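With my numbering, letter number 29 in the sequence shown gets 29, and the count goes up by one each step, no holes. The beta carbon of each residue, even a glycine, is placed where N, CA and C say it ideally should be. Treat the numbers as computed from the prediction; the structure is a model and nothing was measured.
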Amino acid sequence: MQQHVVVIGAGYAGLTAALRVSRRHRVTLIDPRTEFSERIRLHEVAAGRAAASVPLGELVAGRDVTTVAARVVALDPDGRTVTLDDGVVVGYDRLVYALGSRTDTAGVPGVAEHAYTVERAGELSARLAQGGGTLAVVGGGLTGIELAAELAEAATGWQVRLVTGREPGAGLSAGGRRHVAAALERLGARVHAHTRVTAVHPGGLSTDRGQIGADVVVWAAALTVPTLAAEAGLAVDARGRALVDATLRSTSHPDVLVVGDAARVHAPGIGELRMACATAMPTGAHAAEVIDALAKGREPKPFRFRYVAQCVSLGRDDAVIQPVRADDSPHRPVITGRAAARINEWINRYTVGALRAERRRPGTYRWARPLRATAPGVAAVAGAGGAGYLLG
Ligand SMILES: Cc1cc2nc3c(=O)[nH]c(=O)nc-3n(C[C@H](O)[C@H](O)[C@H](O)COP(=O)(O)OP(=O)(O)OC[C@H]3O[C@@H](n4cnc5c(N)ncnc54)[C@H](O)[C@@H]3O)c2cc1C
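Listed below in structure tokens is the structure:
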């Protein structure tokens, strides 16, 4: 039976879900933006490259998907409605909650007032174009590293510092971490490792190791999720991410599927999935399959997933491609340099290419899953967004 599926959030997860589910169902896709923002390229935008976005209308053209440019301000999971910022109430048979995440600017004093984030990449780029000085990027995860490297390479006249509570790229192998450190040094970025920032001021940072002067601060230390799920009474974890069962349905409200960064997904053999495009697109696609199964009166299948690689860009000509085991732990030597930069760029393009393919033929997108029987020397390989399969 055809259902009316409302998808809130047109990021990687929501768009994948909307396109796939439009194969058999009527979809309303709600997001205040009229463009799909390629969030995985925001560090490039901060460095002055063209805005990485595609009109939503183009990505859903020809499908039974109605786009609504509005912010969702409330959910009523019992009444099966969402309320938009213009007061309109939209009813649904099934809801896909895909509101993603954003940089957490709460918690450390001064961050919200004095620091830029990747969500303000365009403003940051304009500020950097005004003249040089010292630029501090806070956060040694993959986003912080990508930002520091990209800005050190592109922002002429700026001295870049990367400040992190641990070591940059702590989840990479020793070889991966060594390459990241060498690349940052080559690009002239100074690393302040094992340094915890306690406050941000107009002139720089207070840390547990003293003051660090900075004319511009970019905060990339932590992510937070919208509070809408918690406000609506959906079961959430301490960070506000919706709890889902093995099929990605809310544990408290099974009519609601939660995907992407907004969900706390546990996968067998892995544990909690990290917030990533590489997990957002597969969860979006799987949610569409679950909705389809339920509409046909079938038992939906559990979500199956495995990690394959972590990709870290280090400017335009360098990157680290870190092969990982199914559970995301690093293994094998890393790929680095120009070859890695090319692979990373290919994967980035693949994410939008996969959305376009899904529009043309819903159901096309595939992602890496645990192999039932692995032949020696053969591995399923996919990158951010779950590129196809390669032999390794
Ligand atoms: C610089 C950078 C580089 C990255 N690189 C990688 C990488 O190489 N590989 C990787 O796997 N991941 C990477 N990531 C992480 C990745 O971008 C996120 O994990 C991914 O975007 C999550 O997808 P999503 O669909 O859940 O959410 P999002 O992409 O955040 O989309 C959420 C959508 O919800 C909309 N929304 C929010 N609130 C509302 C509301 N109230 N009403 C309606 N709509 C709303 C937003 O407008 C947005 O369009 C990177 C992130 C950054 C910042």
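### Task
Check whether the Cβ atoms of Val27 and His4 sit closer than 9 Å, and answer yes or no.
yes
### Query
Quick one: is His114 buried, meaning 16 or more other Cβ sit within 10 Å of its Cβ, or exposed?
By the 10 Å Cβ count, His114 comes out buried.
### Query
For Leu394, which option in Arg369, Arg361, Arg356, Ala368 has the closest C-alpha, if you only look at C-alpha atoms?
No answer is possible for residue 394: it lies beyond the span of the chain, which begins at 1 and ends at 392.
### Task
Could you check the C-alpha separation between Asp255 and Val236 for me, to the nearest Å?
15 Å
### Query
With a CB to CB cut of under 6 Å and the five nearest residues on each side skipped, what residues in its chain are close to Asp93?
Gln3, His4
### Message
Give me, in chain order, the residues of the same chain whose beta-carbon lies closer than 6 Å to that of His179; leave out the 5 immediate sequence neighbours on both sides.
### Response
Spatial neighbours of His179 in its own chain (CB-CB distance under 6 Å, excluding positions within 5 residues in sequence) are listed in chain order as Val320, Thr336.
### Query
With a Cβ-Cβ cutoff of 9 Å, do Gly176 and Gly169 count as a contact?
yes
### Message
Is Ile30 a contact residue of ligand 1, with contact defined as CB to any heavy atom under 8 Å?
### Response
At least one heavy atom of ligand 1 falls within 8 Å of the beta-carbon of Ile30.
### Task
Determine the direct distance from the alpha carbon of Ala183 to that of Thr134, and round the result to whole angstroms.
19 Å
### Query
For Trp158, is the classification buried or exposed, using 16 other Cβ atoms within 10 angstroms of its Cβ as the cut-off for buried?
By the neighbour-count rule (16 or more Cβ atoms within 10 Å), Trp158 is buried.
### Task
Between the Cα of Arg369 and those of Arg304, Val334, Thr81, spot the shortest distance and give me the residue it belongs to.
Distance from the Cα of Arg369 is smallest, within the candidate group Arg304, Val334, Thr81, for Arg304.
### Task
Find out if the Cβ-Cβ distance for the pair Ala246, Pro330 is shorter than 9 Å.
no
#### Entry: As assigned by DSSP and simplified to three states, the class of Ser252
coil
### Query
Just the Cα atoms here: how many angstroms apart are Gly213 and Val68?
C-alpha separation (whole angstroms): 44 Å.
### Query
Can we count Val118 as close to ligand 1, meaning its CB is less than 8 Å from some heavy atom?
yes
### Query
Hey, is Glu146 close to ligand 1, as in C-beta under 8 Å from one of its heavy atoms?
yes
### Task
Measure how close the beta-carbons of Gly240 and Thr227 come, nearest whole angstrom, since I'm counting them as under 8 Å.
6 Å
### Message
Taking 7 Å as the limit between beta carbons, can you name the residues of its chain near Gln130, skipping five residues before and five after?
### Response
none
### Beta-carbon separation (whole angstroms), Val216 vs Val163, contact threshold 8 Å
That belief does not hold up - the Cβ atoms of Val216 and Val163 are roughly 13 Å apart, past 8 Å.
### Task
Keeping to the same chain, check which residues put their C-beta closer than 8 Å to that of Asp328; ignore five residues upstream and five downstream.
Gly171, Ile270, Arg274, Tyr307, Gln310
### Query
Do you know how far the Cα of Ala61 is from the Cα of Val7?
16 Å
### Where the beta strand (DSSP E) containing Pro323 begins and where it ends
319 to 323
### Message
If I follow the unbroken alpha helix (DSSP H) through Ala309, where does it start and stop?
### Response
No alpha helix (DSSP H) holds Ala309; the beta strand (DSSP E) holding it covers 309 to 313.
#### Entry: Same chain only: Cβ atoms within 6 Å of Ala189, ignoring 5 sequence neighbours per side
Ala148, Ala152, Val160, Leu162
### Task
Check the DSSP bridge columns for Ile8 and list the partner residues they point to.
Ile30, Tyr97
### Message
Considering only heavy atoms of ligand 1, does any lie closer than 8 Å to the CB of Ile8?
### Response
yes
### Task
Would you kindly work out how many angstroms separate the C-alpha atoms of Val191 and Arg264, rounded to a whole number?
32 Å
#### Entry: Helix, strand or coil at His194 [DSSP, three-state]
His194 sits in coil when the DSSP states are folded into three classes, being neither helix nor strand.
### Task
Give me the Cβ distance between Tyr12 and Gly284, rounded to the nearest whole Å; I'm assuming they're in contact under 8 Å.
Sure, about 7 Å apart at Cβ, within 8 Å.
#### Entry: Three-state secondary structure (DSSP) of Pro35
Note that residue 35 is Glu in the sequence shown, not Pro. Reduced to three states, the DSSP call for Glu35 is strand.
### Task
Please report how far the alpha carbon of Leu205 lies from the alpha carbon of Arg24, in whole angstroms.
Spanning the two alpha carbons is a distance of roughly 53 Å.
### Query
Can you find a heavy atom of ligand 1 that lies under 8 Å from the Cβ of His43?
It does: the Cβ of His43 is within 8 Å (strictly closer) of some heavy atom of ligand 1.
### Task
Just tell me which of Val334, Gln211, Pro300, Leu294 has its CA closest to the CA of Ser313.
Of Val334, Gln211, Pro300, Leu294, the residue nearest in Cα terms is Val334.
### Message
By DSSP's criteria, Val89 is part of a beta bridge. Which residues make up the other side?
### Response
Thr83
### Query
Could you give the residue range of the beta strand (DSSP E) that holds Pro55?
53 to 55
### Query
Ala295 to Arg102, Cα distance in whole Å?
Near 33 Å, if we compare the C-alpha coordinates of Arg102 and Ala295.
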